[in-house]
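Colleague: Got a structure for you, questions after.
Number of protein chains: 4
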Amino acid sequence: MSYATEKLREEKVFKDPVHRYVHVRDRVIWDLIGTKEFQRLRRIKQLGTTYLTFHGAEHSRFAHSLGVYEIVHRIVDDVFKGRTGWDESDRLLSLCAALLHDLGHGPFSHAFEKVFQLDHEQFTQAIILGDTEVNQVLSMVDKDFPTKVAEVIAKTSDKKLVVSLISSQIDADRMDYLLRDAYYTGVSYGHFDIERIMRVMRPTEEQVVFKKSGMHAVEDYIMSRYQMYWQVYFHPVSRSAEVILTKILQRAKVLYENSYEFKHEPTHFLSFFQGKPTLEDYLKLDEAVVLYYFQVWQEEGDAILKDLCYRFLNRHLFKYIEFDPASQYKMFMELIPLFKKAGIDPDYYLVLDSSSDLPYDFYRPGEEGERLPIQLIMPNNDFRELSRESEIVEAISGKRRTDHKLYYPADLLRDESTNQATKRQIKQLLGVAHKY
Amino acid sequence: MSYATEKLREEKVFKDPVHRYVHVRDRVIWDLIGTKEFQRLRRIKQLGTTYLTFHGAEHSRFAHSLGVYEIVHRIVDDVFKGRTGWDESDRLLSLCAALLHDLGHGPFSHAFEKVFQLDHEQFTQAIILGDTEVNQVLSMVDKDFPTKVAEVIAKTSDKKLVVSLISSQIDADRMDYLLRDAYYTGVSYGHFDIERIMRVMRPTEEQVVFKKSGMHAVEDYIMSRYQMYWQVYFHPVSRSAEVILTKILQRAKVLYENSYEFKHEPTHFLSFFQGKPTLEDYLKLDEAVVLYYFQVWQEEGDAILKDLCYRFLNRHLFKYIEFDPASQYKMFMELIPLFKKAGIDPDYYLVLDSSSDLPYDFYRPGEEGERLPIQLIMPNNDFRELSRESEIVEAISGKRRTDHKLYYPADLLRDESTNQATKRQIKQLLGVAHKY
Amino acid sequence: MSYATEKLREEKVFKDPVHRYVHVRDRVIWDLIGTKEFQRLRRIKQLGTTYLTFHGAEHSRFAHSLGVYEIVHRIVDDVFKGRTGWDESDRLLSLCAALLHDLGHGPFSHAFEKVFQLDHEQFTQAIILGDTEVNQVLSMVDKDFPTKVAEVIAKTSDKKLVVSLISSQIDADRMDYLLRDAYYTGVSYGHFDIERIMRVMRPTEEQVVFKKSGMHAVEDYIMSRYQMYWQVYFHPVSRSAEVILTKILQRAKVLYENSYEFKHEPTHFLSFFQGKPTLEDYLKLDEAVVLYYFQVWQEEGDAILKDLCYRFLNRHLFKYIEFDPASQYKMFMELIPLFKKAGIDPDYYLVLDSSSDLPYDFYRPGEEGERLPIQLIMPNNDFRELSRESEIVEAISGKRRTDHKLYYPADLLRDESTNQATKRQIKQLLGVAHKY
Amino acid sequence: MSYATEKLREEKVFKDPVHRYVHVRDRVIWDLIGTKEFQRLRRIKQLGTTYLTFHGAEHSRFAHSLGVYEIVHRIVDDVFKGRTGWDESDRLLSLCAALLHDLGHGPFSHAFEKVFQLDHEQFTQAIILGDTEVNQVLSMVDKDFPTKVAEVIAKTSDKKLVVSLISSQIDADRMDYLLRDAYYTGVSYGHFDIERIMRVMRPTEEQVVFKKSGMHAVEDYIMSRYQMYWQVYFHPVSRSAEVILTKILQRAKVLYENSYEFKHEPTHFLSFFQGKPTLEDYLKLDEAVVLYYFQVWQEEGDAILKDLCYRFLNRHLFKYIEFDPASQYKMFMELIPLFKKAGIDPDYYLVLDSSSDLPYDFYRPGEEGERLPIQLIMPNNDFRELSRESEIVEAISGKRRTDHKLYYPADLLRDESTNQATKRQIKQLLGVAHKY
């Protein structure tokens, strides 16, 4: 028996609150889970700073990755197996790509990617193809296997069906995170009937398609996704924490660039500040390390770094107002000098933040950001794009919604012991004069 | 209006997966939650190393503390309010004690307490009574208030009813953690009808008692507790992680005592090694800091420290056999020199571990470890101790169950490239010769 | 103490799967539940024939009525109490109207109302105002109280706020049935966060309004409602059972009108056939009685009545095709003579059935079918109609969706032992020739 | 392809709240579900009169039978398939026996069996072996197949493994009803981890056994069973309804035997009164028919029959006191003449009722009521009886618990307009003098 088809003597199970159990029978999957690069995902929260808003959201990318694996496992072994359109030899490739799709995520990815101009997808590729335990395991299947897995995750693979299982408008990744994030935050949005959706999935050469009889379950998934985005992912308080986190990283980088003398040498950050972290550097940076630095930076001499770290760790967040870029940009420009005058650095304490989502998009061939639409198979075997069949999806299709907020430190403005007049002027402009 | 009775303008709610919402209306409670000592509980997992066995168990002591508060809040405001036996002036005391009861927990408490001879309960006292933000808030209620809260948590208060709400054989603490740990691990044990239990609670001078009509719900709670202990809390794999963690701390301490030169100065640990951490030192030590050190210690020169840290972070745990102290102690004594001979230090790699629990105890006045029994109020208003009324509780009452396991590194024994004969002898003694 | 304010010595609770517990403390409510007119609702299924499609949907109108009461109870006692805009003297009126709002429902209401031209709302009025146990209880509160309750249910009351609690586009009735029907059928649509919605409700003179911060929960409710309609209430198989039921009643009425001699005198139906059931007749007719007749009618001499009853009881339902009135009406007209030629009476065996729903409607003052829209209270205390604030609700607002199906007995057409040619012609027209 | 192995073109699914979906692929199973004898189970409640205590408990034996089928289906197709000890040729036999095991249940079985001395198990045999649609379907598999299925259900089959799947101390029947009854009543007892239990089941020639690693899930099942018995099945209020139901049937029988002239001829009951219902008579008697008669009997001339029917339909139940046969039998004997003197017939209005349960029994070979114990397979492949391994099961093993109650009509005693002195004497004896 080859390594690719080797089975464990006894199936291993992980108790999972979302899927009840995650089942592993393949030796390759078991070995991948045991690698240090995969175990590292235990130390990275799935939802970054969201736990500061929803205290239950402390689950890791490790759990999510197992969940995506389990969904794909059920699809290929319970639904696709034996059906026309499904090539059994793509099974292991699908399972590995599902398990490893988020491998390159670092701690608080969005903020890190923004400040240090990184791309977690490139690190996923690097881990799979580089000198790692994960690469060793995959290479034992076949010397080309790491490349194949990496291509599926990068969506450059010609195995379009497998790609669509992992990344499309309705894929195992999204289905797991919506259910999992709903479970851990405790919100009641985010539930949909995944069992029904899996049951109506059908393999085709180009992508996974869905039997018409399951359309309502798919609609429900899209509505859940819409609700989770606005209720959880773009929650203004989480975004406030994210803003502060970003500003900490930005400040630390600026200090480094200005040859600031850190009391505590930021060893783990140096290559990030320099803009060229190696894979090894990157893999060392988990959330524990980041939070460790934030703690010691509370004792740095730089007042801004110190204050921002204190805010983040002790959840003294910024407040916000709704912001309309069209009508209020002038006001924003006026605030900048006022902040300076009040002794509050606007580069770190006056932050515009925008969130934007497109809940579902139909097919716009050739257009930028083209997305594969969801296809239904009708009783007569024709295909039909979801938004043409579902009125509710049609109604929200292609409509991008954007939300702007302006964040500021209410506590500093409330304190009128210094710069009273300027602070009052600021509060007037922000429209919060009556509050503090 | 005094600070003690001040209400927030709008009730604040925390979305909580276990109780759906945690409601805060009291200014005191809101301010306590905002203190840095309380926020620090976000960085300490409720179940320590259990996440290495149940990957969902990543919830923090912050969430649990809010949950205990919410339960007491519902008991006093929805059930006790207006009843004979309940003194409304104990309300705020009860809420504060509930919220703060675990404040002194550090990261991975059990291992730290064992190796460094600490006591988290003493730190809870120290935080409440010392120079902290928590103390400042409590002192604003009344200058004696911190002491009163501390006494309830220490069980030295003469407010016996309030004490029994927080610590007894069926209290808000246990009820929250059983439900919460079941939710996050995903196990189906651990559920019981808390709403029913709260509804049948009645205040008396000595303790909370329970209407007879709710006896079955109480039975169910005791069975849940029993199951959670043996299925989750004493799970042999979690204990393996705990064993390794303990050995890491022990090794680091030994190295320090032997003036080992750490490549990376263990600043945060020094006062622990020296046996006298200050409150300030203690509060700085959260899980992020501990995991940060474990990561850098992977690069230390000491092979044992390095290996144990690698094992913990990458979940390369020890295996175990069931161990019967009566009949197998001799075998254990024989293994020690064999381990040495095989080049594996038995002080760190051959570990006996025992778990023990008493699911429910009736009243044994004067005996050591005396526990307040659960009292039922019968329809005729008599009190009756639970185990006299419930056959199922009677059956398990006072029966301590103990479980012993012997942990060892199977991977080192499997590798027969060195010390083959000795290792085979060890495996023979352990009864695992056929396995590797 | 007056009867209106009398409390039970101990609160009574009903265990309820949807709301966990239904709590009763008011003597009036307890007495109403004990009346025979209310207990009769135990013998009437909430979802009529739906149990033939979703076998779990066997719950009664009794359970639903308790649920609506409980929701209103929580709103007025936990949310409204003490708020501006809420008049505590409307409390009992609200509770009674909630409990009794469906009192006039008979078995399989829709079919009975259609065939016998009845109106369950008129019977609700008649029970509340007539010579009944319910009327006796209500009259003990005050001699005008029955009328007041009846007016709220009839929506003619000038207590607009109370009316809107029971009947509006988001009321206690709908919230209970969506949650309850989802629970009993087992579908995962239909869940929404009722606790959140209740919490953001605010009383105004004209109607209940909702704080803007709860908008997403309201959106979720509207989506749930949409899904339940199309997935459960308009499920084509349930409609098939409904079609057969209607045809049974129609046939029995026709037979009676044609002086057919029933083997088993249909005593309970006589006044219905004659078009003038008294209140007493109406109250006797529960589902047990109807199903009893259907069973004995299986032994009648009339072949159509006998066959339809057999079909209903043993779930031998009609099949259906999608039907487009615009393009297929001619086909339908051609089928009628062909059915006759094949010996299958088209009056009973060829049935067009349509379902139609308007998921949400904004305000169209003066237009027919005008519905009170859902109003949000914005942070600045302005009101704003939901569809102007929610893009997702705006998208489906005012859009009526209609679905037509043509039902026929596939088994009779499959049997080609007689009228082969005609039956083949019919199947050709129906487009199902290839199936049988 | 033979009928026994014929598959449906598309799998059929039933939405089920307990198992999410019930899946049917076998033509035989689908045809059995469509028979009129099986559809009849829709008109018989799983829990008889319990809906008068737990209003949610309105589910039918139809739903339960599908559930038992689904559990066995998952065990044999997901767990046993391909394992040593499992004979694939027993698959269809297992599925059919599971589906049909309760086929002979009539409405309110216990009361009917008691009064008319019937045995639903004999009717199950009669339906399977007699001239029925079920028999026709089973005979198409093989002419001996009906007998084989009947033998498994009667436990006389030599297929001991198959028998143990359907009837043992932990079988598919019990697992389904515990979960289902918990779901519909809404109680939180009754939940256990069925997925885990199924996963650790192993086939042996003699019976299903359980891997030791699943012991705690099995313990949890036994505790759930214990709780459900005392909390739901033996609930004193349900027993009150059962008492009244039994007395109705008894009264009607006595009247018939005394040639009472019924206003409404009790056609459906005649053969029951005569002690020899045919299979045809039996199958006609569903709950609708019984409730129909109870309604018309409310208008009979006999005061007792009329009153009891009124009580049952409108839930005017008897009250009860705890009764100790040893010390209170004399009191009971004194009550009888007092009831007569007060004009209340003690044969119908003074009723002793006992419930008794043995939560788990170890093996007592040769003893009466011998039950197959639950066997664990230890890691070394030895078998071990559950109560020897589980302390909690050992504690309750073999301990029968019995509960006696005395039921009486409190309302009649409360009314002191007649026989005041005697009624007061009765209330004195019952110990309820202070209440009314």
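Chains as they are written, first to last, in my numbering: chain H, 1 to 436; chain R, 437 to 872; chain P, 873 to 1308; chain F, 1309 to 1744. We treat Cβ as the ideally placed atom computed from N, Cα and C, and that holds for glycine. No experiment lies behind these values; they were computed from the predicted model shown.
Note down, in chain order, every chain R residue with its Cβ under 8 Å from the Cβ of A410 of chain H.
Modeller: Those within 8 Å of A410 of chain H in chain R number zero; the least Cβ separation is about 14 Å.
Colleague: Of all the CB atoms in chain P, is at least one closer than 8 Å to the CB of Y756 of chain R?
Modeller: Chain P, which has no Cβ nearer than 8 Å to the Cβ of Y756 of chain R, makes this no.
Colleague: Apart from the five residues on each side of it in sequence, which residues of its chain come closer than 7 Å, Cβ to Cβ, to C309 of chain H?
Modeller: Excluding sequence neighbours, C309 of chain H sits near I248, F294, W297, Q298.
Colleague: Hey, how far is the Cα of Q125 of chain H from the Cα of K148 of chain H?
Modeller: Looking at the two C-alpha atoms, the distance is approximately 11 Å.
Colleague: Name, please, each residue of chain F whose Cβ falls closer than 7 Å to the Cβ of A831 of chain R.
Modeller: What A831 of chain R touches in chain F: A1703, I1704.
Colleague: Contact defined as beta carbons within less than 8 Å: I believe E121 of chain H pairs with A154 of chain H. What is the distance between those atoms, to the nearest angstrom?
Modeller: E121 of chain H to A154 of chain H, Cβ: 7 Å. Contact.
Colleague: Sort F:A1560, F:Y1497, F:K1520 by Cα distance to R1507 of chain F and report the nearest one.
Modeller: Cα-wise, what sits closest to R1507 of chain F is F:K1520.
Colleague: Measuring only the C-alpha atoms, how far is E1288 of chain P from K1295 of chain P?
Modeller: Cα to Cα, E1288 of chain P sits roughly 7 Å from K1295 of chain P.
Colleague: On the criterion of 16 or more Cβ atoms from any shown chain inside 10 Å, does P277 of chain H qualify as buried, or is it exposed?
Modeller: Classification for P277 of chain H: buried.
Colleague: List, in order along the chain, the chain H residues whose C-beta lies closer than 8 Å to that of E1263 of chain P?
Modeller: Residues of chain H passing the Cβ test: I396, K399, R401.
Colleague: For I511 of chain R, tell me which candidate among R:I602, R:I828, R:F819 has the shortest Cα-Cα distance.
Modeller: The option with the nearest alpha carbon to I511 of chain R is R:I602.
Colleague: If I measure Cβ to Cβ from Y619 of chain R and keep anything under 7 Å in the same chain, skipping five residues before and after, which residues do I get?
Modeller: If we look at Y619 of chain R and ignore the five residues flanking it on each side, its Cβ neighbours are P453, V454.
Colleague: Taking the straight line between their C-alpha atoms, what separation do you get for M175 of chain H and I740 of chain R?
Modeller: Roughly 43 Å separates the two Cα atoms.
Colleague: Using a Cβ-Cβ distance cut-off of 8 Å, determine whether E631 of chain R contacts chain P.
Modeller: So yes, E631 of chain R belongs to the interface.
Colleague: Among the candidates P:Y1154, P:Y923, P:L965, whose CA atom is the shortest distance from the CA of D898 of chain P?
Modeller: Here the closest residue by C-alpha is P:L965.
Colleague: Considering Cα atoms alone, identify which of H:S327, H:Y349, H:A326 is closest to P337 of chain H.
Modeller: Taking only the C-alpha atoms, the option nearest P337 of chain H is H:Y349.
Colleague: Are Q918 of chain P and D1045 of chain P close, meaning C-beta to C-beta below 8 Å?
Modeller: No, these two residues do not count as a Cβ contact at 8 Å.
Colleague: Taking the Cβ atom as the reference point for each residue, do V515 of chain R and M637 of chain R lie within a distance shorter than 8 Å?
Modeller: In contact: V515 of chain R and M637 of chain R (Cβ atoms closer than 8 Å).
Colleague: Which runs of the alpha helix (DSSP H) spanning at least 4 residues fall entirely within the segment 1352-1411 of chain F, listed in chain order?
Modeller: Qualifying alpha helix (DSSP H) stretches, in chain order: 1369-1382, 1399-1408.
Colleague: So within the segment 207-235 of chain H, which uninterrupted beta strand (DSSP E) runs reach at least 3 residues, ignoring any that extend past its ends?
Modeller: As far as the segment 207-235 of chain H is concerned, its whole beta strand (DSSP E) runs of at least 3 residues are 208-211.
Colleague: Residues of chain R with CB closer than 7 Å to the CB of R946 of chain P, please, in chain order.
Modeller: Result: empty, since nearest Cβ-Cβ is about 12 Å, beyond 7 Å.
Colleague: With distances taken from CA atoms, which of F:P1717, F:D1711, F:E1699 is nearest R837 of chain R?
Modeller: With distances taken between Cα atoms, R837 of chain R lies closest to F:E1699.
Colleague: Should Y21 of chain H be flagged as near chain F, meaning a C-beta pair shorter than 8 Å?
Modeller: Yes, because at least one Cβ of chain F sits closer than 8 Å to the Cβ of Y21 of chain H.
Colleague: Check V458 of chain R in the structure and name its three-state DSSP category.
Modeller: Three-state result, V458 of chain R: strand.
Colleague: Quick check on the burial criterion: 16 or more other C-beta atoms within 10 angstroms. Buried or exposed for H509 of chain R?
Modeller: Under this definition H509 of chain R is a buried residue.
Colleague: In whole angstroms, what is the alpha-carbon distance linking F934 of chain P and T1057 of chain P?
Modeller: One C-alpha to the other measures close to 17 Å.
Colleague: Tell me whether F1691 of chain F sits in a helix, a strand or coil according to DSSP, three-state version.
Modeller: Three-state DSSP puts F1691 of chain F in a strand.
Colleague: Quick one: residues in its chain with C-beta nearer than 6 Å to the C-beta of K1713 of chain F, no 5 flanking neighbours on either side, listed in chain order?
Modeller: P1544, Y1628, F1631, D1661, listed in sequence order.
Colleague: How far does the alpha helix (DSSP H) with P782 of chain R in it reach, from first residue to last?
Modeller: Per DSSP, P782 of chain R belongs to the alpha helix (DSSP H) from 782-785.
Colleague: Taking the C-alpha atoms as reference points, what is the distance between L444 of chain R and Y1534 of chain F?
Modeller: Taking the straight line from one Cα to the other gives about 47 Å.
Colleague: Starting from the beta carbon of P1645 of chain F, find every residue of chain P whose beta carbon is closer than 7 Å, and list them in chain order.
Modeller: In chain order: nothing, as chain P lies at least about 32 Å away.
Colleague: Please list, in chain order, the chain H residues whose beta carbon lies closer than 7 Å to that of D1092 of chain P.
Modeller: Residues of chain H passing the Cβ test: Y189, Q227.
Colleague: Helix, strand or coil, according to DSSP, for K7 of chain H in the structure here?
Modeller: Correct three-state label for K7 of chain H: strand.
Colleague: If you measure from the beta carbon of D888 of chain P to each beta carbon in chain F, is any gap under 8 Å?
Modeller: So, interface residue.
Colleague: For I1478 of chain F, which of helix, strand or coil comes out of DSSP?
Modeller: Three-state result, I1478 of chain F: coil.
Colleague: Is the separation between the beta-carbon of Y1061 of chain P and that of S1112 of chain P shorter than 8 Å?
Modeller: No. Outside cutoff.
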